[in-house]
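**Student:** Counted from 1, the sequence shown has number 134 at position 134 by the UniProt record's numbering; the numbering is strictly sequential. Submitted below is the structure of interest, expressed as structure tokens.
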Amino acid sequence: MLYLEDFLEMIEQLPSELRDRSTEMRMLDLQVQRGIDQNNKVIADFFQQAPSLSQEQRDQWYMKIKEDFQKIRDQAEEKVSIADAMYSLVEKYHNRLTREVMHFKYELEADSPGITETIERKLQDAERANIATRRERKRKAKILEALQEARASAEMGQRASTSSSSSWNGQPAHNDPTLPPPPLKLPNIKRAQTFPKQLVDSRSASTASSANLAQKAAMGANGSSFDPLKASQVSPLALPSGASMPAFTGSESRHGRPRKLTSRVQEMLKDTMHRHERTSRPPTFST
């Protein structure tokens, strides 16, 4: 039952023997390569000097080149023979191992029939399990690597989008000193609504006062009685029917301050009065 121990003891010198023969093959290989390079130089010189050589010298040179090539060939064949001897040695040890395994198997079958098949089946199952485990590890490693790459790319995309959005909103991304400062945000200030209303009231009041003055002037020119038809024909400032004109009925504004007409309004009133006087004056006919 010591087949394995005997075989290991027998091949104990095999590694060193293979190493020595491999070294010898390497040396022969270098010698062959060196001889080929030298012979190529000799051939180049021969073809260069061949026109100036006699026939006898050419033959001698040719024979020398052939001898050098024969030496190179012998070295190459020796290298091949060493390789064949190494192959034969390994084959002999392999055959010896096969015989020892068969003897060991027969002895096991003699003690317990069918045990060898059970052992071989267990070994095959264990080997398949190891192969499947290695493949599963490789697959998980690839999946984990792909997930890490996807996560890293997603984080980079999120950072890029955040920086772009912050720069779009006018805020510097990550407090970068090279970016311009954000614009100042001023509070919303509501404009006062009193000035337009006062302007409209003043314009409507000036229009109403000019209309009243024109009406009084027409009454004074035509006598004590006032004819609305004539007044509407003479006065161009008469308002159409249904239109209302606000007038200054009080001496104070809605803020409690006394009303004052601006110089522009006073000029408008004066111009209106002059035009009304010119148009309301009755024409004089010379007799």
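Heads up, the beta-carbon is just placed ideally off N, CA and C, and yes, glycines get one too.
Report all residues from its chain with a CB closer than 7 Å to the CB of R278; omit the five preceding and five following residues, and keep chain order.
**Tutor:** Looking up residue 278 in the sequence shown gives position 278. Cβ within range, chain order: n/a, list empty.
**Student:** Exposed or buried, what is T272 when buried is set at 16 or more other beta-carbons lying within 10 Å of its beta-carbon?
**Tutor:** Position 272 of the sequence shown, counted from the start, is the residue given in the question as residue 272. Per the 10 Å Cβ criterion, buried.
**Student:** Indicate whether at least one CB of chain B lies closer than 7 Å to the CB of F7.
**Tutor:** No chain B is present in this structure, which holds just one protein chain.
**Student:** According to DSSP, is Y3 part of a helix, a strand, or is it coil?
**Tutor:** In the sequence shown, counting from the first residue as 1, residue 3 sits at position 3. Helix at Y3.
**Student:** Measure the CB-CB distance between E78 and L28 and report whether it falls below 7 Å.
**Tutor:** What you label residue 78 is simply residue 78 of the sequence shown in a count that begins at 1. What you label residue 28 is simply residue 28 of the sequence shown in a count that begins at 1. Contact flag set, yes.
**Student:** Taking the straight line between their C-alpha atoms, what separation do you get for K105 and T116?
**Tutor:** Position 105 of the sequence shown holds residue 105. Position 116 of the sequence shown holds residue 116. So the alpha carbons of these two residues sit roughly 7 Å apart.
**Student:** Could you tell me the distance, in whole angstroms, from the CA atom of A50 to the CA atom of Y87?
**Tutor:** Taking the sequence shown and counting its residues from 1, the one referred to as residue 50 is at position 50. Taking the sequence shown and counting its residues from 1, the one referred to as residue 87 is at position 87. Each residue's Cα considered, the two are about 46 Å apart.
**Student:** Assuming A50 is part of the alpha helix (DSSP H), what are its boundary residues?
**Tutor:** Start at 1 with the first residue of the sequence shown, and residue 50 comes out as number 50. Counting along the chain, A50 falls outside any alpha helix (DSSP H), and DSSP gives it neither H nor E.
**Student:** Would I82 and R21 be called neighbours here (beta carbons separated by less than 7 Å)?
**Tutor:** Taking the sequence shown and counting its residues from 1, the one referred to as residue 82 is at position 82. Taking the sequence shown and counting its residues from 1, the one referred to as residue 21 is at position 21. Going by C-beta atoms, I82 is nearer than 7 Å to R21.
**Student:** Once DSSP output is grouped into helix, strand and coil, what is the label at P113?
**Tutor:** Residue numbering aside, residue 113 sits at position 113 when the sequence shown is read from its first letter. Correct three-state label for P113: coil.
**Student:** Can you tell which of Q38, D45, Q48, E91 has the C-alpha that lies nearest to the C-alpha of L14?
**Tutor:** The sequence position of residue 14 within the sequence shown is 14, counting from 1. Closest by alpha carbon: E91.
**Student:** In whole angstroms, what is the alpha-carbon distance linking Q57 and N39?
**Tutor:** Residue 57 sits at position 57 when you count from the first residue of the sequence shown. Residue 39 sits at position 39 when you count from the first residue of the sequence shown. Cα to Cα, the separation comes out at about 17 Å.
**Student:** Alpha carbon to alpha carbon, what distance is there between M10 and R26?
**Tutor:** Walking along the sequence shown from the start, residue 26 turns up at place 26. Walking along the sequence shown from the start, residue 10 turns up at place 10. C-alpha separation (whole angstroms): 26 Å.
**Student:** Rounding to the nearest angstrom, what Cα-Cα distance links I72 and L89 in this structure?
**Tutor:** Position 72 of the sequence shown, counted from the first residue, corresponds to residue 72. Position 89 of the sequence shown, counted from the first residue, corresponds to residue 89. So the two alpha carbons sit approximately 26 Å from each other.
**Student:** Would D80 and I65 be called neighbours here (beta carbons separated by less than 7 Å)?
**Tutor:** Indexing the sequence shown from 1 puts residue 80 at position 80. Indexing the sequence shown from 1 puts residue 65 at position 65. The question names Asp, but residue 80 in the sequence shown is Val. Cβ atoms of V80 and I65: not closer than 7 Å.
**Student:** Give the secondary structure of D68 by DSSP, where H, G and I count as helix, E and B as strand, and everything else as coil.
**Tutor:** Along the sequence shown, one-based indexing puts residue 68 at 68. In the structure shown, D68 sits in a helix (DSSP, three-state: H, G or I).
**Student:** On the premise that G35 lies in contact with D68, defined as a C-beta separation below 8 Å, what is that separation, rounded to the nearest angstrom?
**Tutor:** Within the sequence shown, numbered from 1, the residue matching residue 68 stands at position 68. Within the sequence shown, numbered from 1, the residue matching residue 35 stands at position 35. Rounded, the Cβ-Cβ distance is 7 Å, consistent with contact.
**Student:** Between Q124 and A110, what straight-line distance do the alpha-carbon atoms span, to the nearest angstrom?
**Tutor:** In the sequence shown, the residue the question calls residue 124 occupies position 124. In the sequence shown, the residue the question calls residue 110 occupies position 110. Approximately 23 Å, taken between the alpha carbons.
**Student:** Mark residue 292 as exposed unless 16 or more other C-beta atoms lie within 10 angstroms of its C-beta, in which case mark it buried.
**Tutor:** No answer is possible for residue 292: it lies beyond the span of the chain, which begins at 1 and ends at 287.
**Student:** Quick one: Cα of G114 to Cα of Q148, how far?
**Tutor:** Within the sequence shown, residue 114 is the residue found at index 114, counting from 1. Within the sequence shown, residue 148 is the residue found at index 148, counting from 1. C-alpha separation (whole angstroms): 51 Å.
**Student:** Is H276 buried or exposed, if buried means 16 or more other CB atoms sit within 10 Å of its CB?
**Tutor:** Along the sequence shown, one-based indexing puts residue 276 at 276. With 16 or more Cβ atoms within 10 Å of its Cβ, H276 is classed as buried.
**Student:** Going by C-alpha to C-alpha distance, which of L4, S16, L144, T162 sits closest to T98?
**Tutor:** Counting from one through the sequence shown, the residue named residue 98 turns up at place 98. Nearest C-alpha to T98: L4.
**Student:** Where V32 and Q70 are concerned, what is the direct C-alpha to C-alpha distance, given to the nearest angstrom?
**Tutor:** For the purposes of this step, residue 32 is identified with residue 32 of the sequence shown, where counting begins at 1. For the purposes of this step, residue 70 is identified with residue 70 of the sequence shown, where counting begins at 1. About 11 Å.
**Student:** In whole angstroms, give me the CA-to-CA distance for H94 and S16.
**Tutor:** As a first step, residue 94 is located in the sequence shown; it is residue number 94 there, counting from the start. As a first step, residue 16 is located in the sequence shown; it is residue number 16 there, counting from the start. For H94 and S16, the distance between alpha carbons rounds to 17 Å.
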